[in-house]
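Below: one structure, written as structure tokens.
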Amino acid sequence: MTTTLIRGAVILTMNAADDILEADVLIIGNRISEIGKDLKCHADRIIEAGGKVMLPGFVQTHIHLCQTLFRGRADDMELIDWLRKRIWPLEAAHNEESIYYSAMLGIGELIRSGTTTILDMETVHHTNSAFQAIEQSGIRAISGKVMMDYGTEVPLALQENTQRSLAESVELLEKWHGAANGRIEYAFCPRFVVSCTEELLIGVRDLAERYGVKIHTHASENREEIAIVEAERGMRNVVYLDHIGLAKPNLILAHSIWLDDEEKRIIKDRGVKLTHCPGSNLKLSSGIADIPDLLARGIPVGIGADGAPCNNNLDMFQEMRLTAYIQKVKHGPAVMNARSVLRMATMGGAEVLGMEDRIGSIEVGKLADLQLLDLEDFHVYPSYDADWFSRVVYAATRGDVDTVIIDGEIVMEAKAVKTIDKARVLNEADRVLRDLLTRI
Ligand code: GUN
Ligand code: FE
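For the sequence shown, position 288 matches number 288 in my numbering, and the numbering has no gaps at all.
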């Protein structure tokens, strides 16, 4: 097993005590094996990190890699129109190649900005290509094909037969769940109630239970969306999900802005997890989720950038800043401080994914998923007597990420992603997009 010694960084451990240490970290294989001052040991690789800041890798709990190619192609619209007029036709035009480069582009951006784990929702077809990109890039991911067997203005190519959708999901699950030494997992991804029959949702519920995997869906993001659900199913969105037995600890909902008190109680009582997507929620003018209230109720909440066409970046530094700032307008400046936001971006995300015993903090026994920031720059100085949480969350940017390690592998070094051929991916992204646009 390869051993890696990282010497002398300031470590924001994000352990239960939020300890900040100046210490060495020894990685053996894919795990953190020792943390301490001046570790005396032989290591295959030594990283001199004096003057750098070590953080756990960010955990983004809602991403669409398949949409990265559509960055800038659906600006300034609201959700339902954005989906029907732009995103669905674009997704319908994907082929294996375009999915692969869309995913590689997205993963390149994610690793470059310190994200080491994602919960990802793909499109209806060609999901094997996204998994191949995930496998090759080295990122840790839970992903699944999107499922949609119902709805208005769904392009023909995205309209699924219910049983076929379930069967194809199981095929993908059997191929990819646990792949790459456990770095890859599968999740069932019914898109949202608006595009799913009850038969499909109940099928997902039963299969997820049988295989012991997560269910990821969008819920209560937009007022038009919840009005459609209420008109068609006769209940509020989350009440409906509970009514058909989906509201369980393996359910992860993205957005959850338009919740009433009963829905919040269902989420808490059933152990459902949430993802906050502030950049997407502002740009699609969806609304602002009441995160302080949800956290105060003890509901696990992670952060995700969502897809490139509704953000338009996949950058956790931006999402952390927005998470803090938008709540302050409503609840006052003391709410959502830098430390609590960094916790959401790391351990919070790990808890949402049920991976809190494996990732999310820098502690002995955990998987080695971490990043080193180089904060020797104008915009993050002075460093004297610094509040490290403030410096990282309120001042640092993605350009400050220097090194990223996932599952013990160095996937980025000196600000260059090592597992992805950047020039090729940028070129191919343009080429496959040009082709894709001719298929619309
Ligand atoms: N709701 C259903 N599909 C989507 C999607 O692709 N993105 C977002 N933000 N919300 C959705
Ligand atoms: Fe989304």
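Backbone N, C-alpha and C fix where the C-beta goes; we use that ideal spot for every residue, glycine too.
Can you tell which of Cys196, Asp374, Ala130 has its C-alpha closest to the C-alpha of Ile184?
-> Ala130
With a 10 Å radius around its C-beta and 16 neighbouring C-beta atoms as the bar for buried, classify Glu109 as buried or exposed.
-> Counting other Cβ atoms within 10 Å of its Cβ, Glu109 reaches 16 or more and is therefore classed as buried.
Any idea what DSSP makes of Gln371, helix, strand or coil?
-> strand
Give the single residue among Leu437, Gln371, Arg398 whose Cα lies nearest to the Cα of Thr12.
-> Looking at the sequence provided, one finds Leu at residue 12 rather than Thr. The option with the nearest alpha carbon to Leu12 is Gln371.
Over the uninterrupted beta strand (DSSP E) stretch that includes Ala167, give me the two end residues.
-> Ala167 -> not in any beta strand (DSSP E); alpha helix (DSSP H) instead, spanning 162-176.
8 Å contact criterion, which Pro300 and Val335 should meet: CB distance rounded = In this structure Pro300 is not in contact with Val335, their Cβ atoms being roughly 18 Å apart against a cut-off of 8 Å.
Within this structure, are the beta carbons of Met104 and Ala74 separated by less than 8 Å?
-> no
Beta strand (DSSP E) runs wholly inside the region 182-227, at least 3 long, in chain order | 184-190, 214-219
Under a Cβ-count criterion, where at least 16 other Cβ atoms within 10 Å of its own Cβ denotes burial, should Gly50 be classed as buried or exposed?
-> exposed
Could you check what DSSP says for Arg73 in three-state terms: helix, strand or coil?
-> Note: Arg73 maps to coil in three-state DSSP.
Note down, in chain order, each residue of its chain lying with its Cβ closer than 6 Å to the Cβ of Ile440, except the 5 sequence neighbours on either side.
-> The residues are Pro89, Ala93.
Which of the three DSSP states, helix, strand or coil, is assigned to Gly302?
-> Reduced to three states, the DSSP call for Gly302 is strand.
How would you call Cys41, buried or exposed, if buried means at least 16 neighbouring beta carbons within 10 angstroms?
-> exposed
Give the straight-line distance between the Cα atoms of Ser33 and Arg358, rounded to the nearest whole angstrom.
-> 13 Å
For Asp206, which option in Gly234, Gly245, His379 has the closest C-alpha, if you only look at C-alpha atoms?
-> When each option's Cα is compared against that of Asp206, the closest is Gly245.
I think Val53 touches Leu342, with their Cβ atoms under 8 Å apart; what is that distance to the nearest whole Å?
-> Incorrect: roughly 11 Å between the Cβ atoms, too far for contact.
Within 6 Å of the ligand FE: residues by beta-carbon to any heavy atom | Those residues placing their Cβ nearer than 6 Å to any heavy atom of the ligand FE are, following chain order, His62, His64, His218, Ala254, Asp306, Gly307.
Check whether Ala208 and Ile215 have beta carbons under 8 Å apart | Against a cut-off of 8 Å, the Cβ pair of Ile215 and Ala208 comes out as a contact.
Ends of the alpha helix (DSSP H) at Gly279?
-> 278-283
So does Cys196 have its beta carbon nearer than 7 Å to some heavy atom of the ligand GUN?
-> no
For Met1, is the classification buried or exposed, using 16 other Cβ atoms within 10 angstroms of its Cβ as the cut-off for buried?
-> exposed
State the DSSP-derived secondary structure class of His255, mapped to helix, strand or coil.
-> The answer is strand: DSSP assigns His255 an E or B state.
Please check the pair Gly304 and Ala254, which I expect to be a contact at CB under 8 Å, by giving their CB distance rounded to whole angstroms.
-> 7 Å
Would you mind sorting Thr117 into buried or exposed? The rule is 16 or more other CB atoms within 10 Å of its CB.
-> buried
Would a C-beta distance cut-off of 8 Å place Val193 and Asn237 closer than the cut-off?
-> Contact flag set, yes.
Give me the Cα-Cα distance between Gly298 and Gly354, rounded to the nearest whole angstrom.
-> Spanning the two alpha carbons is a distance of roughly 15 Å.
So, is Asn427 buried or exposed, given that buried needs 16 or more other C-beta atoms within 10 angstroms?
-> Asn427 is exposed by the Cβ-count criterion.
Which residues bound the alpha helix (DSSP H) around Ile326?
-> 316-331
Contact the region 309-324 vs the region 58-68: 3+ CB pairs below 8 Å | yes
Regarding Arg73 and the ligand GUN, is the C-beta to nearest heavy atom distance less than 7 Å?
-> no
State the Cα-Cα distance for the pair Gly151 and Gly307, rounded to the nearest angstrom.
-> Straight through space, the alpha carbons of Gly307 and Gly151 are spaced by roughly 21 Å.
Around the Cβ of Phe378, are there at least 16 other Cβ atoms within 10 angstroms (buried) or fewer (exposed)?
-> Counting other Cβ atoms within 10 Å of its Cβ, Phe378 stays below 16 and is therefore classed as exposed.
Starting from the C-beta of Val380, find all residues in its chain whose C-beta is less than 7 Å away, skip the five residues before and the five after it, and write them out in chain order.
-> Counting only Cβ-Cβ distances below 7 Å, and skipping sequence neighbours, we find Arg391, Ala395, Ala396, Asp400.
Euclidean distance between Cα positions of Gly8 and Ile20 = 12 Å
Local Cβ density within 10 Å of Ala414, reported as buried at 16 or more and exposed below that = That one is exposed.
In angstroms, rounded to a whole number, what distance separates the CA positions of Lys422 and Ala416?
-> 9 Å
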